[in-house]
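Asks: First the structure, which I've put down as structure tokens, then a few questions once you've had a look.
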Amino acid sequence: MKNTLLLLILFSFGLIYANEAQNIAMHGTEKSHAKQIFYGTVLEIKNAMGYKYLHVDENGTKHWVAIANAPVKIGDKIGYDKKTLMTNFKSKTLHQDFKEIYFASEVYLPQKEHRAKSMKEMLGLSPKPKGPHAGMGIGMHSEPKDETPTKLFVKKDSYTVEEIHMWRKALKDQTITLKGTVFKVSHNIMKRDWVHLGDGSGNEQKLTDDLVFTAPHTKIKSGDTVLAKGKVVIDKDFGYGYFYKVIIEDASFEIQ
1 MKNTLLLLIL
11 FSFGLIYANE
21 AQNIAMHGTE
31 KSHAKQIFYG
41 TVLEIKNAMG
51 YKYLHVDENG
61 TKHWVAIANA
71 PVKIGDKIGY
81 DKKTLMTNFK
91 SKTLHQDFKE
101 IYFASEVYLP
111 QKEHRAKSMK
121 EMLGLSPKPK
131 GPHAGMGIGM
141 HSEPKDETPT
151 KLFVKKDSYT
161 VEEIHMWRKA
171 LKDQTITLKG
181 TVFKVSHNIM
191 KRDWVHLGDG
201 SGNEQKLTDD
211 LVFTAPHTKI
221 KSGDTVLAKG
231 KVVIDKDFGY
241 GYFYKVIIED
251 ASFEIQ
């Protein structure tokens with residue numbers, strides 16, 4: 001993954017980082033800020049429960065930014081939003097108090113071409129770039145509104161990501177099969193692994209281009225092409241504001 005990677009931390013659509021997320025609910029105050037991308041140089045990195053806590057220098061102003069695990073190193077200049085500011089935040093994992101820390105939902109990593117590319121572009125899933133802030137369509141988003149399916153439900157042996165979103169109510173509690181590319185894997189959170197798949201279908205603005213699968217244990221990694229199978233669960237609410245309109249549970253994966 002040489003190019004810029006847009007990582008959207010899984011706050012509002014999933015409980016990937018449950019332990020630290022619960023810690024946020026109990027040990028910090030959240031403030032929301034308008035979405036805008038800022039850029040800073042990484043001075044220090046701390047790892048904790050699937051996050052990287054980055055001490056950054058933003059044009060002479062230093063502050064902490066938390067992102068999902070990503071290939072970041074000291075000296076990198078990264079882009080990030082400041083939508084969620086936690087004040088008086090205590091990390092149980094790091095045993096450290098942060099007076100202020102931003103939990104970024106959109107993060108851009110450095111690359112040679114000087115243009116931010118989304119993970120979908122890097123994996124060959126996006127036909128054309130959509131601008132410097134094009135994203136994967138997964139992460140800290142407002143929950144999309146329900147829409148009437150654009151196509152009538154058809155029973156199939158295998159579905160696309162977009163079809164599973166569109167037909168989720170018809171597919172409720174059914175076992176589905178999907179072939180896709182792994183966007184991200186987070187291990188051993190709430191005694192399961194969490195996998196994000198895409199196949200080039202769907203609309204990133206409507207959040208229908210990514211699908212979350214959970215499994216007791218996986219050996220797959222970002223970039224793998226897999227045949228995935230699992231049970232469709234809809235309107236899954238984990239609490240703490242984490243809600244999935246559709247999620248695939250008890251999944252299995254076969255690398256292609």
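Each residue of the sequence shown is one higher than the one before, counting from 1 in this note's numbering.
Beta carbons are placed, not taken as given, at the ideal position from N, Cα and C, and that holds for glycine.
Fair warning: this is a prediction, and the values are worked out from it, not measured in the lab.
#1: Roughly how many angstroms lie between the CA atoms of Ala259 and Lys155, to the nearest whole one?
#2: Can you look up His55 in the DSSP assignment and give me helix, strand or coil?
#3: Determine the DSSP secondary structure at Glu100, reduced to helix, strand or coil.
#4: Have a look at the DSSP bridge pairing and note the partners of Trp64.
#5: In the DSSP assignment, find the beta strand (DSSP E) that holds Ala48 and state where it starts and stops.
#6: Using a threshold of 7 Å, is the CB atom of Ile101 nearer than that to any non-hydrogen atom of the ligand SAM?
#7: Would Val195 and Phe213 qualify as a contact pair, given that the criterion is a beta-carbon distance under 8 Å?
#8: How long is the line joining the alpha carbons of Ile247 and Lys169, rounded to whole angstroms?
#9: Along the alpha helix (DSSP H) that carries Met166, what are the first and last residues, could you check?
#10: Would you give the residue range spanned by the beta strand (DSSP E) that Asp81 belongs to?
#11: Using 8 Å as the cut-off, can you tell me whether the segment 202-212 makes contact with the segment 83-96, which would need three or more C-beta pairs spanning the two stretches below that distance?
#12: For Lys52, which residues from the same chain have a beta carbon less than 8 Å from its beta carbon, with the 5 sequence-adjacent residues on both sides left out?
#13: Around the C-beta of Phe153, are 16 or more other C-beta atoms found within 10 angstroms, so that it is buried, or is it exposed?
#14: Helix, strand or coil for Lys151 per DSSP?
Replies: Let's see:
#1: Because the chain here runs from 1 to 256, residue 259 falls outside it and cannot be looked at.
#2: The answer is strand: DSSP assigns His55 an E or B state.
#3: Per DSSP, reduced to three states, the secondary structure at Glu100 is strand.
#4: In the DSSP output, where bridge partners are listed per residue, Trp64 has His55 and Ile101.
#5: Boundaries of the beta strand (DSSP E) harbouring Ala48: Ile37 to Ala48, taken from the DSSP string.
#6: Absence of the ligand SAM from the depicted structure is noted, as is the absence of any ligand whatsoever, leaving it without description.
#7: If you check the CB distance, Val195 and Phe213 come in under 8 Å.
#8: Between Ile247 and Lys169, the C-alpha separation is close to 12 Å.
#9: That run of the alpha helix (DSSP H) goes Val161 to Met166.
#10: For Asp81, the uninterrupted beta strand (DSSP E) run begins and ends at Lys77 to Asp81, by DSSP.
#11: Touching, no, given that fewer than three Cβ pairs across the two stretches are closer than 8 Å.
#12: Around Lys52, the same chain offers Ile45, Lys46, Ala66, Ile67, Ala68, Asn69, Ala70 and Val72 as residues with beta carbons nearer than 8 Å, after the five sequence neighbours per side are excluded.
#13: Residue burial is scored here from C-beta neighbours: Phe153 has fewer than 16 other C-beta atoms within 10 angstroms and is therefore classed as exposed.
#14: Residue state, collapsed to three classes: coil.
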